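Residue numbers (the working numbering): 126 to 405. Note that the Cβ used here is the ideal one computed from N, Cα and C, for glycine as well. Note that the coordinates shown come from a computational prediction; the quantities given were computed from them, not determined experimentally. One structure is given below, encoded as structure tokens.
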Amino acid sequence: MALVGANVGVAKLLAAALPIPMIACLRCLLACAVLWPLARIMEGRVRPGASALRNLALQALFGTALYNAGLLAGLRLTTALEGGLVLATLPAVVALGSALWLRERLSPRQWAAAGLAAGGMAAITLARLGDGAEGHWLGNLLVFGGVLGEAAYVLLAKRIAGSVPVVTASLWMQAFSAAMLLPLSLPGIGALAALADPRLAGLLVFHSLTASVLCLLLWYAGLRRVPAGVAGTFTAFLPATSLLVAVAVLGEAFTAVHGVGFVLMAASLLLATWPRRRQS
């Protein structure tokens, strides 16, 4: 979760230097190069069925293509700090999606989490509308569009949970995503020259291997050792790390409005993911 939060700042730096489809496509191709041997070593030769492949293609469309497009386009207009806060609405959005699409019943705590997340988004957006910073609120809305894509990915993943091993599923998703993004990347092929800068190339490799490979392996390795509810509480590190990187590395200003948004988002995350007490 700390790496996910740090990647918001990295994504902002990349989005300022390269076309958005190219960043996402290269990230997926680099991830495939690492995930393919990992899948063979850890899970062997797994051939997903046609239904699972269709589901993985949809997960790639929403969770990789739409999520990255929303995040990277939004970060061109807003700050990494605010982008990280908007990403913190994900658990609440997933809970609402589960209720509306999968017909799952939400607990009062989940409804409260959704309300707090909406309050945090409203605080940031209204503040930006009030000070005339149109780019910021539009950027925040674009990042939120990416959150909707990621939420759709999570809900789709529930449909095939356990039927395809994690690393193999991730490999197929990254491959599908690269195929979808490649035609959109070709018109800006000349921008590849910017990767001659070792700093920019290093950021791209870091972004790809952490966001698409290392975060996944750490998360699922952790889930084998602690309950999902306990792991969920660590999602609070996403906005916290994003805030730290934005202020300490990118030099962004932290205001009172950001403080209100951070408190609301953190409370929403903890309410949505804190483990429930077991009934005796």
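- Contact between L143 and A319 holds: their C-beta atoms lie close to 6 Å from each other, under 8 Å.
- At a Cβ-Cβ threshold of 8 Å, T335 and A164 do not count as neighbours.
- Around V135, the same chain offers L328 and H332 as residues with beta carbons nearer than 6 Å, after the five sequence neighbours per side are excluded.
- When secondary structure is reduced to three states using DSSP, R165 falls in the helix class.
- Contact between the stretch 169-177 and the stretch 219-233 is absent: fewer than 3 CB-CB pairs across the two stretches fall below 8 Å.
- Counting only residues of its own chain and dropping the five nearest sequence neighbours on each side, L160 has a CB closer than 7 Å to the CB of V292, S295, L296, Q299 and V338.
- Shown here, L241 sits in a helix according to DSSP, grouped into three states.
- Closest in C-alpha terms to G245, from the list N265, W226 and L227, comes N265.
- Classified as buried, I249 has 16 or more neighbouring CB atoms from the shown chains inside 10 Å of its CB.
- Scanning its chain for C-beta atoms nearer than 7 Å, with the 5 sequence neighbours on each side dropped, one finds around A397 the residues P216, A217, A220, Q235 and A238, in chain order.
- Assigned with DSSP and collapsed to three states, S337 falls in helix.
- For V374, there is no enclosing alpha helix (DSSP H), as DSSP gives it neither H nor E.
- According to the DSSP assignment, M126 belongs to no alpha helix (DSSP H), since it is labelled neither H nor E.
- For L212, the closest of V372, M126, L343 and R350 by C-alpha to C-alpha distance is M126.
- With fewer than 16 other Cβ atoms inside 10 Å of its own Cβ, V351 counts as exposed.
- The beta strand (DSSP E) runs lying completely inside the stretch 289-324 and spanning 3 residues or more number zero.
- Exposed is the label assigned to T380, since fewer than 16 other Cβ atoms lie within 10 Å of its Cβ.
- A distance of 8 Å or more separates the beta carbons of W344 and L280.
- A straight-line Cα-Cα distance of about 15 Å links R170 and C157.
- Secondary structure within the stretch 166-243: the alpha helix (DSSP H) runs of 4 or more consecutive residues, fully enclosed, are 175-184, 192-200, 205-212 and 215-225 (chain order).
- With fewer than 16 other beta carbons inside 10 angstroms of its own, G384 counts as exposed.
- Within the model, the alpha-carbon separation for G287 versus C153 is close to 23 Å.
- Comparing C-alpha distances from A277 to each of S223, P312 and V382 shows the shortest one belongs to S223.
- Rounded to the nearest whole angstrom, the C-alpha separation of E377 and P290 is 40 Å.
- Setting aside the 5 residues that flank it on each side, Y192 is surrounded in the same chain by G271, G274 and E275, each with a C-beta closer than 6 Å to its C-beta; the list follows chain order.
- Contact annotation: T203 and V268 have beta-carbon atoms nearer than 8 Å.
- In the three-state reduction of the DSSP assignment, A136 falls in the helix class, which pools H, G and I.
- About 6 Å separates the Cβ atoms of S367 and A205, confirming a contact at the 8 Å cut-off.
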